[in-house]
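Input: a single structure, listed below in structure tokens.
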Amino acid sequence: MLDSAAACKEYLETQDAASIASQIIRDEALCRAQKLPSLLAFYLPPSNTSLAEAIASELRPESAQYSRSLKMLQYSSIVQSIKGYLDQMSHQSRLEKLPSDPEQENFTRPSTADIETTLKVLMFYMKGDTKPEINATTSLEETVVALNSYMEASYPGQPDNIPKFPIRQPIGVSRRTKKCYICQFILVNPHYQYSSLCKACGNFNLASSNLSLPENLQLDGKTAVVTGGRINLGYHTALRLLRCGARVIVSSRYPRDAEVRYLAEKDSMVWSQSLKIVGADFRTASDVFYLVEMVRDILRDWADNNIAKLDILINSAAQTLTDPVEKEMQALQRENKLLIQGSGSDSKLLLDNSNYQPRIRGGVQSSRLLAPSQEEQSRNTDAVHRPSTCAEELDNTTTRLPNSNKSLEFHDAPQTSSWMQSLHQIPYEDVISAHSVNTFVPLILIRELLPLMGSVTAHTSVPNKPAIPLAYIINVSSREGIFESSSPLSRSKNGKHVHTNLTKAALNMLTETEAGPAWTKRRVAINSVDPGYMSAAPEIIARGLECPIRWEDGTGRVLWPIAVGEKGRPVWGRFLKHFGAAEVDVGVGR
Numbered sequence: 001m002l003d004s005a006a007a008c009k010e011y012l013e014t015q016d017a018a019s020i021a022s023q024i025i026r027d028e029a030l031c032r033a034q035k036l037p038s039l040l041a042f043y044l045p046p047s048n049t050s051l052a053e054a055i056a057s058e059l060r061p062e063s064a065q066y067s068r069s070l071k072m073l074q075y076s077s078i079v080q081s082i083k084g085y086l087d088q089m090s091h092q093s094r095l096e097k098l099p100s101d102p103e104q105e106n107f108t109r110p111s112t113a114d115i116e117t118t119l120k121v122l123m124f125y126m127k128g129d130t131k132p133e134i135n136a137t138t139s140l141e142e143t144v145v146a147l148n149s150y151m152e153a154s155y156p157g158q159p160d161n162i163p164k165f166p167i168r169q170p171i172g173v174s175r176r177t178k179k180c181y182i183c184q185f186i187l188v189n190p191h192y193q194y195s196s197l198c199k200a201c202g203n204f205n206l207a208s209s210n211l212s213l214p215e216n217l218q219l220d221g222k223t224a225v226v227t228g229g230r231i232n233l234g235y236h237t238a239l240r241l242l243r244c245g246a247r248v249i250v251s252s253r254y255p256r257d258a259e260v261r262y263l264a265e266k267d268s269m270v271w272s273q274s275l276k277i278v279g280a281d282f283r284t285a286s287d288v289f290y291l292v293e294m295v296r297d298i299l300r301d302w303a304d305n306n307i308a309k310l311d312i313l314i315n316s317a318a319q320t321l322t323d324p325v326e327k328e329m330q331a332l333q334r335e336n337k338l339l340i341q342g343s344g345s346d347s348k349l350l351l352d353n354s355n356y357q358p359r360i361r362g363g364v365q366s367s368r369l370l371a372p373s374q375e376e377q378s379r380n381t382d383a384v385h386r387p388s389t390c391a392e393e394l395d396n397t398t399t400r401l402p403n404s405n406k407s408l409e410f411h412d413a414p415q416t417s418s419w420m421q422s423l424h425q426i427p428y429e430d431v432i433s434a435h436s437v438n439t440f441v442p443l444i445l446i447r448e449l450l451p452l453m454g455s456v457t458a459h460t461s462v463p464n465k466p467a468i469p470l471a472y473i474i475n476v477s478s479r480e481g482i483f484e485s486s487s488p489l490s491r492s493k494n495g496k497h498v499h500t501n502l503t504k505a506a507l508n509m510l511t512e513t514e515a516g517p518a519w520t521k522r523r524v525a526i527n528s529v530d531p532g533y534m535s536a537a538p539e540i541i542a543r544g545l546e547c548p549i550r551w552e553d554g555t556g557r558v559l560w561p562i563a564v565g566e567k568g569r570p571v572w573g574r575f576l577k578h579f580g581a582a583e584v585d586v587g588v589g590r
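UniProt numbering puts the first residue of the sequence shown at 1, with every later residue one more than the last.
The structure is reproduced here in structure tokens:
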């Protein structure tokens, strides 16, 4: 056991880098479980040695191949985190015996007391008329099987061969102690730019995000589509693509407001000629297909040979929180004001898409992606726009639409946002719009635009040449779309925002299903990316809590697969979290 300096030094001298890396990963897992890791972290070589570099290459093989600086940052981060955990443990805890290997523990020689207890148990069952039935003719093997079966029936769900180890709480640590957002170890010394990240993870975050900055990523000649590009993540992603030299088509419910925002950027004169904005409300089917047609037209205009070609598709638009009707009306009034103010001038960014008009809640029902038939419409209207009638959880303030398609009438919005609502509180209208925006639209765009991406004659591997993707599709997802590793009672879900959880899970399945064919047939790399915790529900913001990262950090995560792909390190078919550094099993719990 690695519980002394001599043992650790001998281990480092006799084991290869892969074995040492495996031990470090085990220690990291023990720290997360608040158990006792080995003392190996205190004796690992410094990061400037060849052994440290070899170990770092084995720790995270997939991300280690991209750059040495990222690889060594990960190594330092893990080692420092384990050291910090051990430093905070009590002296008594460190002196306790390390957990034994389960396989060795099963074959430890029993003591005299153990043998006496075994004999008493066997005599009890042989003399008594109880289960399991054991007598003098029962073989030893049958006896063991019978006792094991009895134990499993009496104590269902107890795992086998799992050593019971006391959970120790480091000194001064409580459940509310702040942890680093990325490595999840206790935050002792925060990074100077990120109060929710440790120093090593903060440096890793900056270095990884810098891979997609204009000085490191050149996209001249590339074309891109970014949905939901008026504000927040979509806006910052489109801006970075433009500054990297790409031509970008942005969709937005409020295109004129989006134009004002882009032109307000100080360097807009440099890239404004490379930007086109198309109005589209993804709660309406006709707008989605109109966007597809406009994208094809723009790409043909941009192409030298009049053949539409798309290099990057980023499905960033998302329906997470449904805005109150009052907020949508204010946005609509601003849009109309901008239309009047700019009616006498030619916009360089906006297209002449006079067919598009912003609408409250996406407009009338008949144009929705999930519109009922004419016979069903009058019967289903109220049901579609009200929450469940479960008695104790009914919320009477939900939005409703009348049967008429000519006018819209709304009640007050619910007191709480849909992010904080349970299954029986979420209005069906929110459920439908979330699926339309988050799932159906990405599916439609990938289906319609994938033929414009990559090449059917491409080969995924060429001898002596890096397999650089010909095109990229990024589905912006979140952890809410995967099973949690802890338990169904995880705080990240726990009966809340089930409608968005459903849509993100479906989006991840879209990635997993189509990534293989897209790569092998067209060399298009499709990935789902969790951009991180950059925004929160109004109820959380009202409590004064800050998000651990910013929109620029999320942008770096979204564009990371493109940045590494352009360096000849293709990533496809993955759910990526923290620049691929966090190992995520989307099927945990199945």
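Virtual Cβ for every residue (Gly too), placed ideally from N, Cα, C.
In this structure, Tyr-125 keeps its C-beta atom at 8 Å or more from the C-beta atom of Ile-115.
Around Ser-433, the same chain offers Arg-283, Gln-319 as residues with beta carbons nearer than 6 Å, after the five sequence neighbours per side are excluded. Of His-578, Gly-556, Glu-293, the smallest CA-CA separation from Tyr-235 is found for Gly-556.
Cβ atoms of Leu-350 and Glu-259 come within 8 Å of each other, at about 6 Å. Between Leu-470 and Val-524, the C-beta gap is smaller than 8 Å, which places the two residues in contact. A straight line joining the alpha-carbon of Leu-332 with that of Arg-261 spans about 16 Å. Taking a cut-off of 8 Å on C-beta distances, the stretch 434-449 touches the stretch 503-511, as three or more cross pairs fall below it. By the C-beta density criterion, Leu-39 is buried, having at least 16 other C-beta atoms within 10 angstroms. A buried status is given to Thr-223, since no fewer than 16 other beta-carbon atoms sit within 10 Å of its beta-carbon.
DSSP places Ile-277 in the strand class (E or B) of the three-state scheme.
Its Cα nearest to that of Gln-330, the residue Pro-358 stands out among Pro-358, Leu-51, Arg-60.
Take the alpha-carbon of Thr-138 and the one of Val-144: they are about 10 Å apart.
Val-571 carries a coil assignment under DSSP once its states are collapsed to helix, strand and coil. For Lys-9, the three-state secondary structure derived from DSSP is helix. Contact check between the stretch 225-233 and the stretch 204-211: fewer than three CB pairs, one atom from each, fall below 8 Å, which does not count as touching. Assignment of beta-bridge partners to Thr-320 by DSSP yields no partner. Where Asp-301 is concerned, the enclosing alpha helix (DSSP H) starts and stops at 285-302.
Taking a contact as a CB-CB distance under 8 Å, the pair Gly-565 and Tyr-472 counts as one, their CB atoms being some 6 Å apart. Leaving aside the five residues that flank Lys-199 on each side, the residues in its chain whose CB is nearer than 7 Å to its CB run, in chain order, Asn-189, His-191.
The shortest C-alpha to C-alpha distance from Val-456 to any of Trp-519, Met-534, Thr-117 is the one to Trp-519.
Taking a C-beta distance under 8 Å as the contact criterion, Ala-56 and Tyr-75 qualify as a contact pair. For Asp-530, there is no enclosing alpha helix (DSSP H); the enclosing beta strand (DSSP E) has its first and last residue at 524-530. Taken in chain order, the complete beta strand (DSSP E) segments of 3 or more residues contained in the stretch 240-274 are 247-252. Rounded to whole angstroms, Lys-496 and Leu-321 show a C-alpha spacing of 12 Å. A Cβ-Cβ distance of about 7 Å is found for the pair Leu-241 and Leu-219, placing them in contact under the 8 Å criterion. In its chain, beyond the 5 residues on either side, Ile-55, Glu-58, Leu-59 have a beta carbon closer than 7 Å to the beta carbon of Ala-21. The C-alpha of Arg-247 is placed about 5 Å away from the C-alpha of Ser-274. Taken atom to atom, the span from the alpha-carbon of Pro-451 to that of Ser-50 is near 47 Å. Between Tyr-43 and Ala-5, the CB-CB gap stays under 8 Å. Apart from sequence neighbours up to five positions away, the residues of its chain that approach Glu-335 with a beta-carbon distance below 7 Å are Tyr-254, Arg-256, Asp-257, Pro-358, ordered along the chain. Counting of Cβ neighbours within 10 angstroms places Gln-23 among the buried residues, the total reaching 16 or more. In the structure shown, Thr-143 adopts helical secondary structure according to DSSP, grouped into three states. In the three-state reduction of the DSSP assignment, Cys-547 falls in the coil class. For the 8 Å CB-CB criterion, Thr-237 and Ile-298 do not form a contact. Beta bridge pairing from DSSP links Leu-313 with Val-225, Ile-473.
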